[in-house]
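Under the working numbering, the residue at position 129 of the sequence shown is numbered 137, and the numbers go up by one with no gaps.
One structure is given below, encoded as structure tokens.
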Amino acid sequence: MSSTAKKPRRKAVAKKKTQMEAVKNIVSQAVAAADITNAQMVDRREAAVPRGVASAAPIYAKYAENAELWDVEGNRYIDFVGGIGVLNTGHRHPKVIAAAKAQEDQYTHTSFQVVPYGPYIELAEKLNALAPGDAPKKTLLVTTGAEAVENAVKIARAATGRSGVIAFTGGYHGRTLLTLGMTGKVSPYKKDIGPFPSDIYRAPFPSVRDGITVDDAIIGLKNLFLTDAQPERVAAIIIEPVLGEGGYTPVPFEMMQQLREICDQHGILLIADEVQAGFGRTGTWFAIEHSGVVPDLITVAKSMAGGYPLAGVIGRADIMDAMIPGGLGGTYGGNPVACAAALAAINAIEEEGLLARSTAMGETFKARFAEIGERAAPFRFWDIRGLGAMVAVEFVTDFDSAKPDADFTKRVIAHALKRGLLLLSCGLHGNALRVMVPLTASDAIVEEGLAIFEAAVVAAIAEEAH
């Protein structure tokens, strides 16, 4: 290699070292200013916050950068959780932060229903263009994923004149009463708080563990039409193209295609809940694109705005216009700062090639999980699955029984936390680990995290022997 070819590389390395030193200085200054421990924060939290608001880790954030986080004591963590799938563009992406600050210098809130503004319209135009399908589209912006799902149901009911909604076993759609009626997992979300709204029905989801095939699931749905849910009264079928809390299990493409046919046959609207799977997590803008199916409505949130609270419903224009003026909205819906952040986050996904990055990351995680399972915990990694970088590994006691091992999962998470890696579980049985690492994470950070994960697995196995 010539000396002239080496210079740019040396400059890049030097720039990276300078950036790392700057981060270290910021962290040390922040920790010194904090002068508080995680234990003290735990005590304050227990006195001030209801126990129903659970936290996965007993640490308290002080600073974060891309895929790294530091707590109030200065401890560093690699973040494979990303705020529960919110940070596809990483903590504090420079473009997102710059856009939000620029908007703050103009105005932070007027309420779009009182004095509307450009960022809302610009983001709606962008989302309409990104969503699959050739039909004209419109977008409603709100604040949370659950709010988006509730509005999608409202719109579907107004557009069809029907009330029924069909959801699936293991699906997660939110924690409000209406969305909990659709969420297919009791503990901890639905425990002790029923009854839930009527005209919500549950259909089976395909499950290798339970021996439920796609054909079985479709038969179950059709039987539901015969026993409880008259199809002429069903407004919508809602489904996550990849189950989120339910275990990061993709909907088989043939099932999604059959659902589209069934909806068309009965005049039912198909809602794709992309709150967790959207904006590049699966290697496409929306996970449903993998199946080739075009839904009628799409709910979005999480990684759309790079860490700012924003959600929405994207849908066919004729359906979205079913509600009368004033029927949709919310005081904070489509906050201008969050809209500016979302436009910047989408721009970053496009310009930095994060869709392709997600696909490559997913292949890496699947391969490395398989290697680690074979080397460190034979016959315990029962299933490694996902689309793009929306990947999970499911733990069992042994391959013969395939009994879910939630205790082992908890131990792996605990040992990873001690070593500086943030992980989160999922699944009906709580025995799967999901990957939500920022797509902007470097290969070096991903490998460091995977090394910690393997050490945590080894420690969890050793713990069983004592």
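Backbone N, C-alpha and C define an ideal beta-carbon position, used for all residues, glycine too.
Original post:
Leaving out five residues before and five after I354 in sequence, what residues of the same chain have Cβ atoms less than 7 Å from its Cβ?
Top reply: Translated into positions along the sequence shown, residue 354 becomes position 346. Excluding residues within five positions, the ones whose Cβ falls inside 7 Å are K134.
**OP:** Report the three-state DSSP secondary structure of R210 (helix, strand or coil).
**Re:** As a position in the sequence shown, residue 210 is number 202, starting the count at 1. Strand, per DSSP.
Subject >> Residue environment, P412, which counts as buried when at least 16 other CB atoms sit within 10 Å >> reply: Mapped onto the sequence shown, residue 412 falls at position 404. The residue is buried, with at least 16 neighbouring Cβ atoms inside 10 Å.
**OP:** Just the C-alpha distance for D79 and N46, rounded to the nearest angstrom, thanks.
**Re:** Residue 79 sits at position 71 when you count from the first residue of the sequence shown. Residue 46 sits at position 38 when you count from the first residue of the sequence shown. D79 and N46 have their C-alpha atoms some 8 Å from each other.
**OP:** Could you say which of L447, I357, A346, D415 lies nearest to F120 if we only look at CA atoms?
**Re:** On the sequence shown, position 112 is the one that residue 120 refers to. Ranking the options by Cα distance to F120, first place goes to A346.
Original post:
Within 10 angstroms of its Cβ, does D391 collect 16 or more other Cβ (buried), or is it exposed?
Top reply: Within the sequence shown, the letter at position 383 stands for residue 391. That one is buried.
Original post:
With burial defined as no fewer than 16 other Cβ atoms inside 10 Å of the residue's Cβ, what is the status of Y115: buried or exposed?
Top reply: For the purposes of this step, residue 115 is taken as residue 107 along the sequence shown, with counting starting at 1. Exposed, because fewer than 16 other Cβ atoms sit within 10 Å of the Cβ of Y115.
Subject >> Rounded separation between I220 and P124 - CA only >> reply: Taking the first residue of the sequence shown as 1, we reach residue 220 at position 212. Taking the first residue of the sequence shown as 1, we reach residue 124 at position 116. In a straight line, the C-alpha of I220 is about 49 Å away from that of P124.
Original post:
If you draw a straight line from the C-alpha of Y180 to the C-alpha of G252, how long is it?
Top reply: Here residue 180 refers to the residue found at position 172 of the sequence shown. Here residue 252 refers to the residue found at position 244 of the sequence shown. Spanning the two alpha carbons is a distance of roughly 7 Å.
Original post:
Among F233, P144, G98, V466, which residue has its Cα nearest to the Cα of R210?
Top reply: As a first step, residue 210 must be located in the sequence shown, where it is residue number 202. It is F233.
Subject >> Per-residue burial, H117 [other beta carbons within 10 Å of its own, 16 or more giving buried] >> reply: Position 109 of the sequence shown, counting from 1, holds the residue named residue 117. With fewer than 16 other Cβ atoms within 10 Å, it is exposed.
Subject >> Whole-angstrom distance between V216 and D223, CA atom to CA atom >> reply: Residue numbering aside, residue 223 sits at position 215 when the sequence shown is read from its first letter. Residue numbering aside, residue 216 sits at position 208 when the sequence shown is read from its first letter. D223 and V216: Cα-Cα distance of roughly 12 Å.
Original post:
Is the Cβ-Cβ distance between G338 and V150 less than 7 Å?
Top reply: The residue you call residue 338 lines up with position 330 of the sequence shown. The residue you call residue 150 lines up with position 142 of the sequence shown. Result yes, Cβ atoms of G338 and V150 sit closer than 7 Å.
Original post:
Exposed or buried, Q284, counting other C-beta atoms within 10 Å across all chains shown (16 or more means buried)?
Top reply: The residue given as residue 284 occupies position 276 in the sequence shown. The residue is buried, with at least 16 neighbouring Cβ atoms inside 10 Å.
Original post:
Between the Cα of F377 and the Cα atoms of Y340, G335, L436, E455, which residue gives the shortest distance?
Top reply: In the sequence shown, residue 377 corresponds to position 369, counting from 1. Measuring from the Cα of F377, the nearest candidate turns out to be E455.
**OP:** Count the CB pairs spanning the segment 58-65 and the segment 400-420 that are closer than 8 Å, and state whether there are at least three.
**Re:** Look at the beta carbons and you see the segment 58-65 not touching the segment 400-420: under three pairs across the two are nearer than 8 Å.
**OP:** Could you check which residue in G323, T152, Q48 has the C-alpha nearest to that of G489?
**Re:** Within the shown structure, residues of the chain are numbered from 9 to 474, placing residue 489 beyond reach of any answer.
**OP:** Tell me whether P102 sits in a helix, a strand or coil according to DSSP, three-state version.
**Re:** For this step, residue 102 is matched to residue 94 along the sequence shown. Residue state, collapsed to three classes: helix.
Subject >> Cα-Cα separation between I208 and T191, rounded to whole angstroms >> reply: Looking up residue 208 in the sequence shown gives position 200. Looking up residue 191 in the sequence shown gives position 183. Using only the alpha carbons, I get a separation of about 10 Å.
Original post:
Are A166 and M331 closer than 7 Å when you measure CB to CB?
Top reply: By 1-based counting over the sequence shown, the position of residue 166 is 158. By 1-based counting over the sequence shown, the position of residue 331 is 323. A contact, by the Cβ cut-off of 7 Å.
Original post:
So what's R217 in DSSP terms, helix, strand or just coil?
Top reply: Along the sequence shown, one-based indexing puts residue 217 at 209. Reduced to three states, the DSSP call for R217 is coil.
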